[in-house]
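Numbering (our numbering), first residue to last: 26 to 256. Glycine included, every Cβ here is placed at the ideal spot set by N, Cα and C. Please read these numbers as outputs of a predicted model, since none were measured by experiment. A short write-up of the structure that comes next.
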């Protein structure tokens, strides 16, 4: 199987130039599905910490790069929205957050904020024993005994995987658009319009400079500390 992908066909969220070269690195199977960006792309094309996949592999072999609290040794490991990247040796910590247009970008955060990450609840089901298993946007599964709903957001501790905060999906909630024409915009849900049948519900989001409408799959509830302005 090829380890390369044509730049022109990568998802719009990938932070790569499409016309400078023909190919870029292909992400391994893992979190975030096709939207996941190979770690080496962030290290090379965004941060400029390495010049090649070989240099990235060396850095990873030294356990110098931590993703969501765990050392990573695969330079093609997919990185996606709300992941936490830590470089303890440099004293640098980043959260993956949508930039204007929905392109993934790195927002610098402090060390304490790097201890947890935000997750959107994509689904939930009962498991043996009576607990509820939540499935988050990146494929992470979390067991809970409280009431949560799909489309809510939670903050997960990177060490013990416990939920430390919960943000319901409802009118008045602070959200960011992660895809679509309004990707990267932040505002409060003004209204949620339910579409009969199998069509997507739509939401109207009010912002500082107006409002926009998008499908609810494109928005994620966040806390003000997750915008990069509250830290």
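task = Please determine if the stretch 147–154 and the stretch 122–139 are in contact, where contact requires at least 3 C-beta pairs separated by less than 8 Å.
result = Contact fails between the stretch 147–154 and the stretch 122–139, because fewer than three Cβ pairs, one in each stretch, are under 8 Å apart.
request  = Could you check which residue in 73, 168, 137, 227 has the C-alpha nearest to that of residue 116?
outcome  = 137
query = Between residue 167 and residue 141, is the Cβ-Cβ spacing less than 8 Å?
reply = Cβ distance not < 8 Å, so residue 167 and residue 141 don't count as in contact.
query = residue 241: which of 234, 208, 233, 250 sits nearest, CA to CA?
reply = 208
request  = Work out the CA separation of residue 170 and residue 49 for me, nearest whole Å.
outcome  = Below a pLDDT of 50, predicted positions are generally treated as unreliable, and residue 49, at 49, falls in that range; no measurement from the model is reported.
ask   = Of all the options 102, 202, 203, 195, which has the alpha carbon lying nearest to the alpha carbon of residue 217?
value = 195
ask   = Excluding sequence positions up to five away, which residues of its chain have a Cβ less than 7 Å from the Cβ of residue 183?
value = 93, 94, 109, 140, 141, 142
request  = May I have the straight-line CA-CA distance separating residue 80 from residue 100, to the nearest angstrom?
outcome  = 10 Å
task = Report yes if the CB atom of residue 230 is closer than 8 Å to the CB atom of residue 212, and no otherwise.
result = A contact, by the Cβ cut-off of 8 Å.
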